[in-house]
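Protein chains in written order, with my numbering: chain U, 2 to 266; chain L, 2 to 266.
We put the CB at the ideal spot given by N, CA and C, even for glycine.
There are 2 protein chains.
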Amino acid sequence: MKIGYVQIAPVLGDLEATIGKLDSLRNEFKAADIIVLPELCNSGYNFESMEQARVTAEDAQTGPFVRYLCSLAQEHRQCIVAGVNERDANDCQLYNSAVLVGPDGLIGKYRKLHLFMNEKDYFRPGDLGLPVFDLGVCKLGMLICFDWIFPEPWRILALKGADIVCHPSNLVLPGLAQRGVPVHALMNRIFVVTANRIGTERDMTFTGLSIIADPKGNVLAQAPEGDPQVRVVEVDIHLARNKMVTPRNHVLEDRRPDQYHELII
Amino acid sequence: MKIGYVQIAPVLGDLEATIGKLDSLRNEFKAADIIVLPELCNSGYNFESMEQARVTAEDAQTGPFVRYLCSLAQEHRQCIVAGVNERDANDCQLYNSAVLVGPDGLIGKYRKLHLFMNEKDYFRPGDLGLPVFDLGVCKLGMLICFDWIFPEPWRILALKGADIVCHPSNLVLPGLAQRGVPVHALMNRIFVVTANRIGTERDMTFTGLSIIADPKGNVLAQAPEGDPQVRVVEVDIHLARNKMVTPRNHVLEDRRPDQYHELII
Numbered sequence: 002m003k004i005g006y007v008q009i010a011p012v013l014g015d016l017e018a019t020i021g022k023l024d025s026l027r028n029e030f031k032a033a034d035i036i037v038l039p040e041l042c043n044s045g046y047n048f049e050s051m052e053q054a055r056v057t058a059e060d061a062q063t064g065p066f067v068r069y070l071c072s073l074a075q076e077h078r079q080c081i082v083a084g085v086n087e088r089d090a091n092d093c094q095l096y097n098s099a100v101l102v103g104p105d106g107l108i109g110k111y112r113k114l115h116l117f118m119n120e121k122d123y124f125r126p127g128d129l130g131l132p133v134f135d136l137g138v139c140k141l142g143m144l145i146c147f148d149w150i151f152p153e154p155w156r157i158l159a160l161k162g163a164d165i166v167c168h169p170s171n172l173v174l175p176g177l178a179q180r181g182v183p184v185h186a187l188m189n190r191i192f193v194v195t196a197n198r199i200g201t202e203r204d205m206t207f208t209g210l211s212i213i214a215d216p217k218g219n220v221l222a223q224a225p226e227g228d229p230q231v232r233v234v235e236v237d238i239h240l241a242r243n244k245m246v247t248p249r250n251h252v253l254e255d256r257r258p259d260q261y262h263e264l265i266i
Numbered sequence: 002m003k004i005g006y007v008q009i010a011p012v013l014g015d016l017e018a019t020i021g022k023l024d025s026l027r028n029e030f031k032a033a034d035i036i037v038l039p040e041l042c043n044s045g046y047n048f049e050s051m052e053q054a055r056v057t058a059e060d061a062q063t064g065p066f067v068r069y070l071c072s073l074a075q076e077h078r079q080c081i082v083a084g085v086n087e088r089d090a091n092d093c094q095l096y097n098s099a100v101l102v103g104p105d106g107l108i109g110k111y112r113k114l115h116l117f118m119n120e121k122d123y124f125r126p127g128d129l130g131l132p133v134f135d136l137g138v139c140k141l142g143m144l145i146c147f148d149w150i151f152p153e154p155w156r157i158l159a160l161k162g163a164d165i166v167c168h169p170s171n172l173v174l175p176g177l178a179q180r181g182v183p184v185h186a187l188m189n190r191i192f193v194v195t196a197n198r199i200g201t202e203r204d205m206t207f208t209g210l211s212i213i214a215d216p217k218g219n220v221l222a223q224a225p226e227g228d229p230q231v232r233v234v235e236v237d238i239h240l241a242r243n244k245m246v247t248p249r250n251h252v253l254e255d256r257r258p259d260q261y262h263e264l265i266i
């Protein structure tokens, strides 16, 4: 199957402009079975105010950006993962979320568990755990940006059977996640697609270098630092079902949970 | 304080020869406060038989290699971490262990939790958890070689307050641990000293490239691939007490243990 990323600069507070950018690139990613877009694609990242965060948020079921993604997914017969500034329909709280949409519409969402810096002022921490979605051809989990620095969510997704972790990002710490992501892929024997953004919003510059890593920790594709790029690569997703790192070592079954109780303190 | 590694080739089945090698290098590591030696230093690694594994094993309290280490530690007023083929005094089982010795003798030991390949034929899996030893100047934990590929033990040692993880190794998978170790150091904001061995034993070649990593994931020192090397570097061990990866993100307190229950399944 074909997996890939779209590395672009979403436009802060201008959804139409962002959709225009995606539209201009759609021919490049229409053949992907799973394509990953950056974090907070519908809003941009570096809000000037709570008000700006609120007006750019949308409902994950009915919002205009998610509806646009659903139309793309339907037309391309593909799955799309994208970061969304989500406003909860019930309590009107904001979440830094990722949606998974397919040809038949919204499949599910994930809400970022580990908020970075000033995100703590705008978003509620995720409250939906770490869901894994069975797409038939593979099982898919999602993490968002700074989640990468916590080994726990990667491990949990692998334990729940994820073959691929889609990782919409707005990374700013130079090069750190790009070193860590292939190591997480290797330790859990999974595929990872990190779709990072580029560009500058006020005092923040995003670091690009989007990455696709395989279950052996190989980097299959990496984007440039400052330019937009779409990459789609063909992979054998079932490599992620082989958890043997040597003929006698299974990366999950060799764990020693009887010795791991401190992990949930 | 000064921390370092000794990268050598222990001699399979010839403890005297191994001690001779260490003796010839002792001037290079005598100034270290903490020095780390490779895995299974007293025996070598690639046993031809259970018999060879047994005759090269020793008691961690009274064995000749540990007594030699204690004499070095006393003379140099330093702590030494070394891999030891350990025979348990009670049940005569073998463990792939690491000992920590200081100027006053044996401080403690760790038994490898995650056995690699044919080690499963010779050793019992570790049964002493993941101890952390308070040396006054710092808190020290130990992992051994293949343990590196499991994120759980690193995290547990950090949660228990380890400032430094000493990591005696006999690594054979080329370059993988050397990519992973700095990422574990970064994710847990700790120092790591990986003392790998070199040389070939029958069909196994060990990969050298011993490494010292700091809490920001920087590589402070790295040995060559095939040659012996002693490196000792001066570090501010208290950097490991600062767990803030950004002004608003603490790598341990930002964890979401309420969402992590799958980890101990």
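Residue i to residue j span [Cα, whole Å]
{"i": "Ala32/L", "j": "Gly176/L", "result": "29 Å"}
{"i": "Pro65/L", "j": "Glu59/L", "result": "7 Å"}
{"i": "Pro154/L", "j": "Leu144/L", "result": "8 Å"}
{"i": "Ile225/L", "j": "Thr208/L", "result": "What sits at residue 225/L in the sequence shown is Pro, not Ile. Their backbone Cα atoms lie some 9 Å apart in a straight line."}
{"i": "Asn189/U", "j": "Ala61/U", "result": "29 Å"}
{"i": "Ile238/U", "j": "Leu187/U", "result": "14 Å"}
{"i": "Gln174/L", "j": "Val246/U", "result": "Per the sequence presented here, residue 174/L reads as Leu, with Gln not at that position. Approximately 10 Å between the Cα atoms of the pair."}
{"i": "Leu95/U", "j": "Tyr123/U", "result": "7 Å"}
{"i": "Val133/U", "j": "Ile20/U", "result": "27 Å"}
{"i": "Glu120/U", "j": "Cys93/U", "result": "16 Å"}
{"i": "Leu240/U", "j": "Leu26/U", "result": "29 Å"}
{"i": "Ile108/L", "j": "Ile157/U", "result": "35 Å"}
{"i": "Gly267/L", "j": "His262/L", "result": "Past the boundaries of the shown model lies residue 267/L; chain L is included only from 2 to 266, so the question cannot be answered."}
{"i": "Leu136/U", "j": "Arg256/U", "result": "27 Å"}
{"i": "Lys244/U", "j": "Glu235/L", "result": "39 Å"}
{"i": "Asp128/U", "j": "Ile4/L", "result": "42 Å"}
{"i": "Leu264/L", "j": "Ala83/U", "result": "26 Å"}
{"i": "Cys167/U", "j": "Val193/U", "result": "6 Å"}
{"i": "Cys80/L", "j": "Arg242/L", "result": "20 Å"}
{"i": "Lys140/U", "j": "Leu38/U", "result": "18 Å"}
{"i": "Gly106/U", "j": "Asn97/U", "result": "20 Å"}
{"i": "Met51/U", "j": "Ser72/U", "result": "30 Å"}
{"i": "Arg351/U", "j": "Lys110/L", "result": "The requested residue 351/U is not part of the displayed model; chain U covers only 2 to 266."}
{"i": "Gly218/U", "j": "Ala178/U", "result": "13 Å"}
Identity of the residues DSSP links to residue i by a beta bridge
{"i": "Gly84/L", "result": "Ala99/L"}
{"i": "Met143/U", "result": "Cys167/U"}
{"i": "Ile212/L", "result": "Thr195/L, Gln223/L"}
{"i": "Thr201/L", "result": "Thr206/L"}
{"i": "Asp135/L", "result": "Lys140/L"}
{"i": "Glu59/U", "result": "Glu87/U"}
{"i": "Val288/U", "result": "Because chain U here runs from 2 to 266, residue 288/U falls outside it and cannot be looked at."}
{"i": "Gly106/L", "result": "Gly103/L"}
Partner residues on chain A for residue i, Cβ-Cβ distance less than 7 Å
{"i": "Arg256/L", "result": "In summary, chain A is missing from the structure at hand, where the protein chains are U and L."}
Of the listed residues the options, nearest to residue i (C-alpha basis)
{"i": "Gln75/L", "options": "Pro39/L, Val67/L, Glu87/L, Pro104/L", "result": "Pro104/L"}
{"i": "Gly130/L", "options": "Ala18/L, Val193/L, His115/L", "result": "His115/L"}
{"i": "Phe147/L", "options": "Ile20/L, Leu41/L, Lys244/L, Glu87/L", "result": "Leu41/L"}
{"i": "Gln260/L", "options": "Pro152/U, Gln230/U, Ala83/U", "result": "Pro152/U"}
{"i": "Ser170/L", "options": "Ala159/L, Ala163/L, Lys161/L, Val182/L", "result": "Val182/L"}
{"i": "Val233/L", "options": "Ile36/L, Val12/L, Glu263/L", "result": "Ile36/L"}
{"i": "Pro216/U", "options": "Ile165/U, Pro11/U, Lys161/U", "result": "Ile165/U"}
{"i": "Phe117/L", "options": "Gly106/L, Ile150/L, Lys140/L", "result": "Ile150/L"}
{"i": "Ala99/L", "options": "Ile199/L, Ala90/L, Asp24/L, Val67/L", "result": "Val67/L"}
{"i": "His251/L", "options": "Pro126/L, Ala10/L, Ala159/L, Leu172/L", "result": "Ala159/L"}
{"i": "Leu101/U", "options": "Ala178/U, Gly142/U, Pro126/U", "result": "Gly142/U"}
Cβ shell of residue i (< 6 Å), same chain only, five flanking positions each side left out
{"i": "Ser211/L", "result": "Tyr6, Gln8, Thr195, Ala196, Asn197, Ala224"}
{"i": "Asn86/U", "result": "Leu41, Asn43, Ser44, Thr57, Ala58"}
{"i": "Asp228/L", "result": "none"}
{"i": "Ala222/U", "result": "Ile213, Arg232, Val234"}
{"i": "Ala18/U", "result": "Val12"}
Chain-order list of residues whose beta-carbon lies under 8 Å from that of residue i (same chain, five-residue window excluded)
{"i": "Arg203/L", "result": "Asn47, Glu49"}
{"i": "Val220/L", "result": "Pro183, Ile212, Ile213, Ala214"}
{"i": "Val138/U", "result": "Met2, Asp34, Ile238"}
{"i": "Arg55/L", "result": "Arg88, Leu95"}
{"i": "Ala10/L", "result": "Lys22, Arg198, Ile199, Gly200, Phe207, Pro229"}
Close beta carbons around residue i, own chain, < 7 Å, minus the five adjacent residues each side
{"i": "Tyr69/L", "result": "Ile20"}
{"i": "Gly162/U", "result": "Val133, Lys140"}
{"i": "Gln53/L", "result": "Gly14"}
{"i": "Pro126/L", "result": "Leu114, Leu116"}
Runs of alpha helix (DSSP H) wholly within the segment 227 to 256 of chain L (minimum 4 residues, chain order): none
Quick check on the DSSP output: what are the complete beta strand (DSSP E) runs of length 3 or more inside the segment 110 to 135 of chain U, in order along the chain? 133 to 135
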